[in-house]
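Asks:
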Amino acid sequence: MATMLAAHREIGNAEHRAEVERLWDVPAGRISPNPGTPAVALFERLRAGSLKAVWIVCTNPVHSMPDVAGIRAALEQAELVIMQDAFSGTDTVPYADVLLPAASWGEKDGTVTNSERRITRVRKAVEAPGQARADWWIANEVARRLEARLAPATGAGLFAFDSTAQIFDEHRALTVGRDLDMGGVDYAVLDQSPQQWPFPAGATQGQARRYTDGVFATADGRARFHATPYRKVAEATSARFPMRLLTGRLRDQWHGMSRTGRVAAAYAHSPEPSLRMHPDDATRRGLVAGELVQVASKRGALVLPLELSDELRSGTVFAAMHWSGQTLSSGGINEVSTPAVDTRSYQPELKHAAVRVEKAVFGWHLLAARRGDALAMQQALQPLLRECGYASLRLHAEPLDDGGGQWAVLQAACERAPDAAWIDRLIAALQLPAGPDVLEYRDLRRGLMRRVGWRTQDDQSHIDGLLLTAAQPSDADRSLLTLALAGKPWPGARLAVFAPTRAAPSDPIVCTCMHVTARAIHTAINDGADVAQLKQRLGCGTICGSCIPQLTRLCRQPRLA
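Each residue of the sequence shown is one higher than the last, beginning at 1 in the UniProt record's numbering.
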């Protein structure tokens with residue numbers, strides 16, 4: 001932490017600084033008494049020019065920090081940006097002058113400590129690819145070179161670490177006598193089993209419960225309560241920005257999706273980005289579920305599909321924080337978030353912003369999907385996203401009993417139809433070239449196109465790829481996409497693709513995993529089935545579970561006579 005010293009020491013405490021200087025074997029007075037710069041302020045200083053360089057380790061601030069337009073401006077202003085990451089496709093990487101390839105979780109060893117203070121030994125599962133190295137190794141090698149240049153000395157120097165065990169031993173020495181005393185723990189102990197700190201020298205195991213003796217980690221041993229008075233949100237709603245935006249997480253995604261976004265099955269629970277709104281708020285604004293809306297604040301704007309939910313309070317909208325410039329045409333929800341920070345923790349108020357929501361109007365819409373090497377197509381499609389007014393890119397996994405195929409799925413909208421060159425790039429990225437298994441209809445004047453690939457499996461025809469464009473979004477096209485992603489053979493598919501109607505097919509799929517239709521569900525409900533019985537009879541809701549809320553709503557509706 002920028003505002004702390006090692007092992008729970010305070011940077012403003014002269015005794016603490018002296019202890020660390022002694023343990024690190026650095027001259028007295030070398031450690032500054034001033035705290036470092038927290039993240040939001042750091043980027044403000046970069047933008048102002050008072051900081052010239054930044055080394056970003058295993059994080060993606062162009063997606064995760066508030067007011068990402070300001071973050072982009074700061075990185076463009078910086079004289080040197082060093083980026084250290086396991087993935088080269090994050091939103092921040094394009095701003096890097098130097099990219100240091102880092103090993104990911106399963107490619108390095110060390111320890112991890114969880115929220116109950118339990119230290120677990122972590123062992124490398126696979127070798128890191130190419131030139132990727134563990135984070136500690138990268139930092140240590142840079143430190144060795146800086147030491148040789150700035151403070152040449154004889155002997156091993158201050159950074160004579162050759163293993164994570166040596167680094168852990170130094171950290172352990174820093175904790176002795178502190179509230180997290182680990183003097184009795186080393187790799188040999190952790191190799192036997194995980195242990196909780198404190199675990200002082202001479203102990204046989206860690207302490208499961210803290211402060212049972214009534215002595216706390218303060219100067220006088222007494223506990224201190226820090227009562228924090230209520231503070232209003234930093235940004236109040238107004239006539240111009242009348243809605244409260246809340247942000248949060250999805251069940252199966254993590255941070256900016258650089259890892260989980262490569263796993264098709266992780267999209268099953270929440271397949272697409274969306275802005276959730278109470279139905280009453282949508283009605284007042286003339287908005288309809290599924291259509292594109294623009295979310296705007298004082299700092300920026302982005303476009304998202306609208307999702308209605310009566311779980312939200314009227315006047316409040318919600319968007320997940322995971323979707324980034326690798327999955328959206330924008331940088332994600334932090335395009336609109338506020339950089340206001342808490343004065344104690346310096347954490348930004350990412351959870352709340354004042355926004356307005358209005359319909360987004362586009363003159364050209366696209367639905368495209370392709371079965372095959374989904375990761376390769378995902379990477380090839382990403383450069384096309386920024387050229388659209390709205391675009392979202394996701395993966396989709398078929399149920400294993402249907403072959404387990406994976407799809408890349410792109411939905412996009414533009415003010416007008418893109419040129420033929422952009423369409424050709426799209427076709428190449430989708431790996432959907434002309435051939436005997438590809439049919440196409442194209443009307444360039446009206447910006448219309450319908451291109452479909454087929455595959456034969458078990459003597460039955462399946463849709464293998466789909467590219468549909470139109471001046472306005474169509475329920476029929478959305479249903480075609482849903483049916484294609486189900487991976488099932490589909491009699492009459494060619495007629496449905498090339499002679500579409502404005503209305504959706506009469507029996508849409510509700511459970512994509514098990515290919516269970518609305519008609520089958522309504523029939524079972526009218527026979528008295530509840531959600532548990534629907535699962536048992538039809539199998540819906542038993543794979544990914546993402547359709548269970550819809551099943552619950554259907555069961556609550558009045559039954560047909």
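Built from N, CA and C at the ideal position, the CB exists for glycine as well.
I'd like the span of the alpha helix (DSSP H) that includes residue 374, first residue to last.
Replies: That run of the alpha helix (DSSP H) goes 374 to 385.
Asks: Look at residue 469 and residue 444 and say whether their C-beta atoms are less than 8 Å apart.
Replies: No, the Cβ-Cβ distance between residue 469 and residue 444 is not below 8 Å.
Asks: Quick one: what's got a C-beta closer than 8 Å to residue 218's C-beta in the same chain, skipping five residues either side?
Replies: Around residue 218: 224.
Asks: On the CB-based measure, 16 or more other CB atoms within 10 Å of its CB, does residue 511 come out buried or exposed?
Replies: By the neighbour-count rule (16 or more Cβ atoms within 10 Å), residue 511 is buried.
Asks: Count the other CB atoms, across all protein chains shown, that sit within 10 Å of the CB of residue 398; report buried if there are 16 or more and exposed otherwise.
Replies: Buried: at least 16 other Cβ atoms inside 10 Å.
Asks: In the structure shown, what three-state DSSP assignment does residue 93 receive?
Replies: The answer is helix: DSSP assigns residue 93 an H, G or I state.
Asks: Helix, strand or coil: which one does DSSP assign to residue 85?
Replies: Reduced to three states, the DSSP call for residue 85 is strand.
Asks: Which first and last residues belong to the beta strand (DSSP E) in which residue 461 is found?
Replies: Residue 461 -> beta strand (DSSP E) spans 460 to 470.
Asks: If you follow the beta strand (DSSP E) that residue 233 is in, where does it begin and where does it stop?
Replies: Neither: residue 233 is in no beta strand (DSSP E) and is coded neither H nor E.
Asks: Short of 6 Å in beta carbon distance, which residues of its chain neighbour residue 148, apart from the five on each side in sequence? Order them along the chain.
Replies: There are no such residues.
Asks: Relative to the alpha-carbon of residue 244, which residue among 210, 426, 355 has its alpha-carbon at the smallest distance?
Replies: Here the closest residue by C-alpha is 355.
Asks: Report the CB separation of residue 242 from residue 119 in whole angstroms; it is logged as a contact under 8 Å.
Replies: Going by Cβ atoms, the distance from residue 242 to residue 119 rounds to 49 Å, so no, they are not a contact pair.
Asks: For residue 254, does the three-state DSSP call read helix, strand or coil?
Replies: Three-state DSSP puts residue 254 in coil, outside helix and strand.
Asks: Secondary structure at residue 497, three-state DSSP: helix, strand or coil?
Replies: DSSP places residue 497 in helix when its eight states are reduced to three.
Asks: Could you give the uninterrupted runs of the beta strand (DSSP E) lying entirely in the stretch 48 to 86, keeping only those of 3 residues or more?
Replies: With a minimum length of 3 residues, the continuous beta strand (DSSP E) runs that stay inside the stretch 48 to 86 are 53 to 57, 80 to 85.
Asks: In terms of DSSP beta bridges, what is residue 516 paired with?
Replies: Per DSSP, 511.
Asks: Out of 343, 67, 338, which one is the CA nearest neighbour of residue 331?
Replies: Answer by Cα proximity: 67.
Asks: Can you tell me whether residue 1 is buried or exposed? The criterion is at least 16 other CB atoms within 10 Å of its CB, across all chains shown.
Replies: Exposed is the call here.
Asks: Would residue 513 be called buried (16 or more neighbouring beta carbons within 10 Å of its own) or exposed?
Replies: Burial call: buried.
Asks: Can you tell me the Cβ-Cβ gap for residue 328 and residue 418, rounded? I've got them flagged as a contact below 8 Å.
Replies: That pair is no contact at about 17 Å.
Asks: Do you know offhand how far residue 458's Cα is from residue 464's?
Replies: Roughly 14 Å separates the two Cα atoms.
Asks: Let me know the secondary structure DSSP gives residue 362 once reduced to three states.
Replies: In the structure shown, residue 362 sits in coil (DSSP, three-state: anything other than H, G, I, E or B).
Asks: CB-CB under 6 Å to residue 455, same chain, minus the five flanking residues each way: which ones, in chain order?
Replies: Here the set comprises 462, 464.
Asks: Nearest by alpha-carbon distance to residue 24: which of 290, 161, 467 is it?
Replies: It is 161.
Asks: Rank 479, 182, 211, 352 by C-alpha distance to the C-alpha of residue 197 and give the top, closest one.
Replies: Residue 197 has its Cα closest to that of 182, out of 479, 182, 211, 352.
Asks: For the beta strand (DSSP E) that residue 171 lies in, which residues bound it at each end?
Replies: Premise fails: residue 171 lies in the alpha helix (DSSP H), 164 to 175, not in any beta strand (DSSP E).
Asks: Under 8 Å by Cβ, that's how I've got residue 300 and residue 69 pegged, so tell me the actual separation to the nearest angstrom.
Replies: Contact flag correct, Cβ pair sits at about 5 Å.
Asks: With three or more C-beta pairs closer than 8 Å as the rule, is the stretch 333 to 348 touching the stretch 74 to 92?
Replies: At 8 Å Cβ cutoff, the stretches do not touch.
Asks: Within a Cβ cutoff of 6 Å, which residues of the same chain sit near residue 201, ignoring the five residues on either side of it in sequence?
Replies: Around residue 201: 183, 184.
Asks: So what does DSSP say about residue 28, is it helix, strand or coil?
Replies: The answer is coil: DSSP assigns residue 28 none of H, G, I, E or B.
Asks: Find out if the Cβ-Cβ distance for the pair residue 325, residue 91 is shorter than 8 Å.
Replies: Their beta carbons are under 8 Å apart, which means residue 325 touches residue 91 by this criterion.
Asks: Is residue 419 close to chain B, meaning its C-beta is less than 8 Å from at least one C-beta of that chain?
Replies: Protein chain content of the structure displayed is limited to a single chain, and chain B is not contained in it.
Asks: Below 8 Å on the Cβ atoms is my guess for residue 396 versus residue 256; work out the distance and round it to an integer in Å.
Replies: About 20 Å; that fails the 8 Å criterion.
Asks: Roughly how many angstroms separate the alpha carbons of residue 361 and residue 540, rounded to a whole number?
Replies: Each residue's Cα considered, the two are about 35 Å apart.
Asks: Count the other CB atoms, across all protein chains shown, that sit within 10 Å of the CB of residue 498; report buried if there are 16 or more and exposed otherwise.
Replies: Burial call: exposed.
Asks: Taking 8 Å as the threshold (C-beta atoms), are residue 369 and residue 409 in contact?
Replies: In contact: residue 409 and residue 369 (Cβ atoms closer than 8 Å).
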